[in-house]
Amino acid sequence: MPIFQPVILTTLTITTLIFLSSTHLVLMWVALELSTLVVLPLIANKSHPRSIEASTKYFLTQATASALIIFSWTLNYITTGGGQITEVTNQTLTTITALALFIKIGLVPFHFWVPETIQGMTPTASIFLLTWQKLGPLIMLYLMSPLINFEVLSAVSILSATVAGWLGLNQTQIRKLVAFSSIAQMAWTLVIIKYAPSLTILAFYLYSITISTTLLTLEKLSTTSINNLLLSFQKAPITSLLLMVSLLSLSGLPPLAGFLPKWLTINQLVAEGAIWVAFTMLMASLLSLFFYLRLWYNSASTLPPNTTNTQRLWRKPVQQTNLTINSLAMAALTLILAATMMKATTKQETH
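So this is what it looks like as structure tokens:
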């Protein structure tokens, strides 16, 4: 697998540059297919039935979404002759394309592949799927944002935040909890893309940093379920504290960085008159807040009963936190850069 890592990183970089530099439908569809195929080796990197199952579900779901995208774009080319994504003016074709991109991102009701796929991947590989892989569809939605129907967008976002929080209440597998957390966070990221696309960029940036910190700390702690977190603080207290900070940032509690995009999103929705959408999103976020706080409580706020009188417990020592985790944790804590982007965003929306 290390032999293919430079190929995977190079391909993902090329597809990202295509998304950033081109608005042609065919080029963006090719970039989508390349990013889909390059993630498959990351999912099926182990000869394990769970990894094979996860890669199969991922491929079939992404292939379905790609077929819908090329179908809608073919109809648009036949009717209008346009080849740019900004020239898709038909509302029905725009909605079909947006729903196909929702499938690729993993929003409700097309979310079924996300927890199963993440469950069969390593935490490091999950970072690529939950952050970099979503960048391409997000850029396409950004370009299509003036044409997207807000009723469809708000309905999918509310369903995603509610269902993800509801399914995570009784979940004990940490990887599936991270998947449900990603679905809820993407709902907050996309609900405002029609009215304030710059807020979507800010929310996705902070989400990527925080979810990467969470996954890296979970890999360091080698935990797969909530019960394993009970011993994490005694084995690695600093890493457990970093995990606690990243979880609280994902939940959106102030003064952490995750609070800022949600606060700005609520303000913008209220300013646009979508008060019920803002209220429903806030109520749905309480469900996600519950399992975030449950993870935080088990990771850094409880100590299991000790069965020995010795000061040092007999356990295999774990590695200390590295520079990557510390840097990402500091980025999840700080609000300096986010505050600067907030001022730029508010000035842009008022003018």
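Per the numbering used here: the sequence shown = residues 4 to 354. Backbone N, C-alpha and C fix where the C-beta goes; we use that ideal spot for every residue, glycine too.
{"Check": "Comparing alpha-carbon positions, which option in G85, L96, H114, T59 lies nearest M189?", "Outcome": "H114"}
{"Check": "Compute the beta-carbon to beta-carbon distance between S254 and L296, rounded to the nearest angstrom, for a pair I have assumed lies under 8 Å.", "Outcome": "7 Å"}
{"Check": "Please state whether DSSP places S201 in a helix, a strand or coil.", "Outcome": "helix"}
{"Check": "Kindly list the residues whose CB is nearer than 7 Å to the CB of T97, restricted to its own chain and excluding five residues on each side of it in sequence; keep chain order.", "Outcome": "V91, M147, L150, I151"}
{"Check": "By DSSP, does S288 sit in helix, in strand, or in coil?", "Outcome": "helix"}
{"Check": "What do you reckon, are the CB atoms on L224 and S235 nearer than 8 Å?", "Outcome": "yes"}
{"Check": "Which class does S243 belong to by DSSP, given the choice of helix, strand or coil?", "Outcome": "helix"}
{"Check": "Can at least three beta-carbon pairs, one atom from the stretch 127–135 and one from the stretch 160–175, be found at a separation below 8 Å?", "Outcome": "no"}
{"Check": "Judging by CA-CA distance, which residue of S69, L256, T19 is the nearest neighbour of I142?", "Outcome": "T19"}
{"Check": "Going by DSSP, what residues sit across from H27 in a beta bridge?", "Outcome": "Q87"}
{"Check": "Between I121 and the rest of its own chain, which residues show a CB-CB distance below 6 Å, the 5 nearest in sequence each way excluded?", "Outcome": "S129, R178, A182"}
{"Check": "For S54, which residues of its own chain have a beta-carbon under 8 Å away from its beta-carbon, when the five flanking residues on both sides are left out?", "Outcome": "I46, A47, N48, G123, M124"}
{"Check": "Would you kindly work out how many angstroms separate the C-alpha atoms of A101 and Q237, rounded to a whole number?", "Outcome": "47 Å"}
{"Check": "Please list the segments of the beta strand (DSSP E) lying wholly inside the stretch 209–275, counting only runs of 3 or more residues, in order along the chain.", "Outcome": "none"}
{"Check": "Per DSSP, what kind of secondary structure is Q174 in: helix, strand or coil?", "Outcome": "coil"}
{"Check": "Our contact map puts M284 next to S160 with C-beta atoms below 8 Å; I'd like the distance itself, whole angstroms only.", "Outcome": "7 Å"}
{"Check": "Does the separation of the CB atoms of I72 and W32 fall below 8 Å?", "Outcome": "yes"}
{"Check": "If you reduce the DSSP assignment to three classes, tell me which class A66 lands in.", "Outcome": "helix"}
{"Check": "Looking at chain B, is there any beta carbon in it that lies within less than 8 Å of the beta carbon of G123?", "Outcome": "Considering every chain present, this structure includes no chain B. It has just one protein chain."}
{"Check": "Measure from the alpha carbon of L218 to the alpha carbon of each residue in Q176, P126, T77, A187, then state which is nearest.", "Outcome": "P126"}
{"Check": "Whole angstroms are fine: how far does the CA of S25 sit from the CA of T175?", "Outcome": "42 Å"}
{"Check": "With a threshold of 7 Å on Cβ separation, who are the neighbours of T37 within its own chain once the five nearest residues in sequence on each side are excluded?", "Outcome": "According to the sequence provided, residue 37 is Leu. The question's Thr does not apply to it. Closer than 7 Å at Cβ, skipping near neighbours: T14, T18."}
{"Check": "May I ask which residues mark the beginning and end of the alpha helix (DSSP H) holding F105?", "Outcome": "94–108"}
{"Check": "Could I get the ranges of all uninterrupted alpha helix (DSSP H) runs contained in the stretch 131–174, with 4 residues as the minimum, in chain order?", "Outcome": "136–147, 153–170"}
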